[in-house]
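Have a look at the structure below before the remarks.
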Amino acid sequence: MITTVPAPSRVHAAELFRLGSVGLRTRRLRASLSGLGVAIGIAAMVAVLGVSSSSSANLLAQLDQLGTNLLTVTPGNTFLGESATLPHEAPATIGRLDSVQGVSSTASIANVTVRRTDQVPVSNTNGIILRWADLSLLATLQGSVYRGQWLNPASERFPAVVLGWVTAQRLGIVDLDQPTQVDVGGRWYTVVGLLRSMPLAPEIDRSALIGLPVAQSDFLTSDSPDTVYVRADPNHVLPTLNVLPAAANPEHPEQVNVSRPSDALAARAAAQGTFTSLFLGLGAVALLVGGVGIANVMVISVLERRSEIGLRRALGATRLLVGVQFLSESLLLSLLGGAGGVALGAAATWVYAQVNALPAVVPAVAVGGGLGAALVVGAIAGLYPANRAARLSPTEALRTV
Amino acid sequence: MNVLELVDVVKRYPGDPPVEALRGVSLAVREGEMLAIVGRSGSGKSTLLHIMGTLDTASEGTVRIAGFDTSTLGDRQLSAVRARRIGFVFQQFFLLDGMSVLDNAANGLLYSGLPLHERRATARRALERVGLGHRLRHVPAQLSGGERQRVAIARAVVHRPALILADEPTGNLDSASGASLLGLLHELHAEGATIAVITHDREVAAATPRQVLIEDGRIVADSAW
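Protein sequence lines, in the order shown, are assigned to chains X and P. Counting in this note's numbering, the first sequence runs from 1 upward without gaps. Counting in this note's numbering, the second sequence runs from 1001 upward without gaps.
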């Protein structure tokens, strides 16, 4: 007589996948709909991470290209709250600092409008500011012209004007194939150059630039600058920033403002991070809803498949194996949803990057995190239904219809 | 040798007052035997089947299957007994709709740890034995009731169990299919299988070599006495 207990029930590990897919294969529509819930959540998270990575990759690349060593010196306020001015020798005194590689100055010329023709009403300024600029400005800002040329020692003495990027657009001037003139304070000026956009000096984009000699003769402006651009040694940016007020105005350093325009770009890159966490939160909510959907479908599945559970117990499945089957079904469902979501999110990132001419970046952490989050959701969603299936007594499960 | 041995088995379901479904059942099934357990509905025969098949445990008394006392076994070991020593045939067939006939029959070996191709090869032989060798690729929905129950029988015998428990196997079949199915069970018995058929149908019982009559949770007649 055989008295040894038979070898325990078992299935191959590879078999679990097959077991878990039985329910999904027989109810395809329901499975794909509940997987879709998770897919949407994961896609939202991956797309958010991908889009923000793509944009900040672009911003950081821009920052690298523009450099972080440009400093801007502007007059502040006096003790009494009135607007201060920079001494006209400020560029020269700043230029004597060892850590300064380039200095340029500019000032706006008040009450002069720049118009396409003299037929345009004087009040119609288009937000364009007329400035005089010294010849080194373009080099200090590391800007470039896309049509014509920058001011030179000859043109700065004559009615010649160089337009910033936005100014050119507002005046409707796209090229200089024909000799082009604009009305500057009632006198015709020849447009000699158009500048490309300068992200670190947006005020120049909105300016029309003329030479100091012609500004002095036509508009009687003084030579004291209202903005001094300083290119500092990249290794000594902060020390330079600290000594600039005293260098610009030794008598009243407190009346000098110094800023670092690249900080604004860096702040924009960081601000993208804040949006990211907001949208990630929304993605997480979508994922949670997807998880609830899976849990719901699994609970219904356990109720519907009572007789299957009874049959499996009769065929020798242990409680654990029944539970594992339902858990692996839930994991499989969420994993499929997660994989679909990662693909969807990556596709959305790619489309966004193409449309906005950005480098498409889908961070590995988003892919791994997306699949991981889907698995965690699947495990949590499947735990209760699996436990319920495992606890169902075989006699009760078989007592159907 | 006894494949199955019940000694003074009592099954009590909790309640107020508690319900006694079995009140001291003693029954021995010898290897190679074919018997029918007959009783009206509510007589306790389904409970008896569940306890014989280790799907349920006795409140009192001893249940021995192939020599070991089931009261000392846990879920893992009872499941192993079912996986390797017992084959079930149910009135409702309980075939899985999404699977082919071949895979349904192979499910009899699902928890044996055998690889899929071996399970399928064995299942193919079992299906050929029950006359469904030409239906391997079909799904249950494409089969007649009698054919479905034959698939269930193939699934029950595929692991060569020590005991086959058939619960109203002809209950959902017309009389011709039922007779043919009983013929198949008799053939399997003739080849050496130990079979217990639970039924309320005295005609089915009359055809089996041994009949056990159960009423109100007690065995009132056994043709082996």
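Don't be surprised by glycine CBs; every beta carbon is placed ideally from N, CA and C. Given the structure is predicted, the values throughout are model-derived calculations rather than measurements.
Residue i: contacting residues in chain X (beta-carbon distance under 9 angstroms)
i, result
"P/LEU1096", "VAL22, THR26, GLU308 and LEU311"
"P/ASP1056", "SER393, PRO394 and THR395"
"P/ASN1107", "LEU311, ARG312 and LEU315"
Beta-carbon separation (whole angstroms), residue i vs residue j, contact threshold 8 angstroms
i, j, result
"X/LEU151", "X/ALA139", "Not a contact, Cβ separation roughly 12 angstroms."
"P/GLU1112", "X/ALA317", "Going by the sequence as given, residue 1112 of chain P is Ser instead of Glu. Actually they do not touch by this definition, with Cβ atoms about 11 angstroms apart."
"X/LEU303", "X/SER334", "Actually they are not in contact, since the Cβ atoms of X/LEU303 and X/SER334 sit about 20 angstroms apart, beyond 8 angstroms."
"P/GLU1168", "P/THR1199", "6 angstroms"
"X/SER108", "X/ARG131", "5 angstroms"
"X/LEU49", "X/ALA366", "4 angstroms"
"X/SER259", "X/LEU63", "The pair is not a contact, with the Cβ atoms about 16 angstroms apart (cut-off 8 angstroms)."
"P/LEU1110", "X/VAL11", "7 angstroms"
"P/VAL1009", "P/LEU1213", "Not a contact, Cβ separation roughly 16 angstroms."
"P/GLY1146", "P/LEU1181", "6 angstroms"
"P/LEU1022", "P/GLY1044", "5 angstroms"
"P/ALA1205", "P/ALA1036", "4 angstroms"
"X/LEU16", "X/SER328", "5 angstroms"
"X/ALA386", "X/PHE326", "4 angstroms"
Beta-carbon neighbours of residue i, restricted to chain X and to distances below 8 angstroms
i, result
"P/PRO1115", "HIS12"
"P/ALA1053", "The question names Ala, yet the displayed sequence has Gly at residue 1053 of chain P. What P/GLY1053 touches in chain X: ALA314."
For residue i, the first and last residue of its enclosing beta strand (DSSP E)
i, result
"X/TRP132", "129-133"
"X/PRO75", "70-75"
"X/VAL161", "160-163"
"X/ILE173", "Per DSSP, X/ILE173 belongs to no beta strand (DSSP E) and is neither H nor E."
"P/ARG1012", "1002-1013"
"X/SER207", "207-210"
"P/GLU1215", "1210-1215"
"X/GLN181", "181-184"
"P/ALA1036", "1034-1038"
"X/GLY193", "187-195"
"P/GLU1060", "1060-1065"
"X/SER83", "Taken as a continuous stretch (DSSP letters only), X/SER83 belongs to no beta strand (DSSP E), as it is neither H nor E."
"X/SER104", "100-108"
"X/VAL361", "From DSSP, X/VAL361 is part of no beta strand (DSSP E); its letter is neither H nor E."
"X/VAL145", "145-148"
"X/SER259", "256-259"
"P/VAL1158", "Segment: none, P/VAL1158 is in no beta strand (DSSP E) and carries neither H nor E."
"P/ALA1221", "1218-1222"
Where residue i meets chain P, residues with beta-carbon distance less than 7 angstroms
i, result
"X/LEU319", "Correcting the residue type first, residue 319 of chain X is Arg in the shown sequence and not Leu. Under the 7 angstroms cutoff, chain P gives ASP1075."
"X/SER9", "SER1079, ALA1080, ALA1083 and TYR1111"
Neighbour list for residue i in chain X, Cβ cutoff strictly below 7 angstroms
i, result
"P/HIS1050", "THR395"
Proximal chain P residues relative to residue i, where beta-carbon distance stays under 9 angstroms
i, result
"X/VAL5", "PHE1068, LEU1073, GLN1077, ALA1080 and VAL1081"
Enclosing alpha helix (DSSP H) for residue i [first to last residue]
i, result
"P/MET1052", "1045-1052"
"X/TRP350", "319-355"
"X/TYR384", "364-391"
"X/LEU241", "237-248"
"P/ILE1164", "First-last for P/ILE1164: 1163-1167, but that is the beta strand (DSSP E), not the alpha helix (DSSP H)."
"X/THR26", "13-26"
"P/ASN1104", "1101-1106"
"P/ARG1084", "1075-1085"
"P/GLU1269", "Residue 1269 of chain P falls outside the range modelled here, since chain P spans only 1001 to 1225, and no answer is possible."
"P/GLU1203", "1202-1206"
"X/GLN406", "Any answer about residue 406 of chain X is impossible in this case: the structure gives chain X only from 1 up to 401."
C-beta neighbour in chain C for residue i, strict 8 angstroms
i, result
"X/VAL362", "No chain C appears in the structure shown, which is made up of the protein chains X and P."
#### Entry: chain X contacts from the segment 1176-1195 of chain P (Cβ-Cβ distance under 8 angstroms)
none
### Message
Quick test of the definition: if touching needs 3 or more C-beta pairs under 8 angstroms, does the segment 186-196 of chain X touch the segment 66-80 of chain X?
### Response
no
### Message
Can you pull out the residues from the segment 1120-1137 of chain P whose beta carbon lies closer than 8 angstroms to at least one beta carbon of chain X?
### Response
none
### Task
Would you list, in chain order, the members of the segment 277-303 of chain X that have their beta-carbon closer than 8 angstroms to a beta-carbon of chain P?
none
### Query
Should the segment 260-274 of chain X be regarded as contacting the segment 49-64 of chain X, the criterion being three or more beta carbon pairs within less than 8 angstroms?
yes
### Query
If we count Cβ pairs, one from each stretch, closer than 8 angstroms, do we get three or more for the segment 279-286 of chain X versus the segment 37-55 of chain X?
yes
### Query
Does the pairing of the segment 1151-1171 of chain P with the segment 1077-1091 of chain P give three or more beta-carbon distances under 8 angstroms?
yes
### Message
Whether or not the segment 75-89 of chain X and the segment 233-240 of chain X are in contact is what I'm after, with contact meaning three or more pairs of Cβ atoms, one per stretch, closer than 8 angstroms; do they touch?
### Response
no
#### Entry: the segment 111-122 of chain X contacting the segment 182-190 of chain X, beta-carbon criterion three pairs below 8 angstroms
yes
### Task
State whether the segment 1169-1180 of chain P contacts the segment 1134-1151 of chain P, with contact taken as three or more CB pairs (one from each stretch) at a distance under 8 angstroms.
yes
### Task
Check whether the segment 161-169 of chain X touches the segment 205-212 of chain X, counting contact only when three or more Cβ pairs, one atom from each stretch, lie closer than 8 angstroms.
yes
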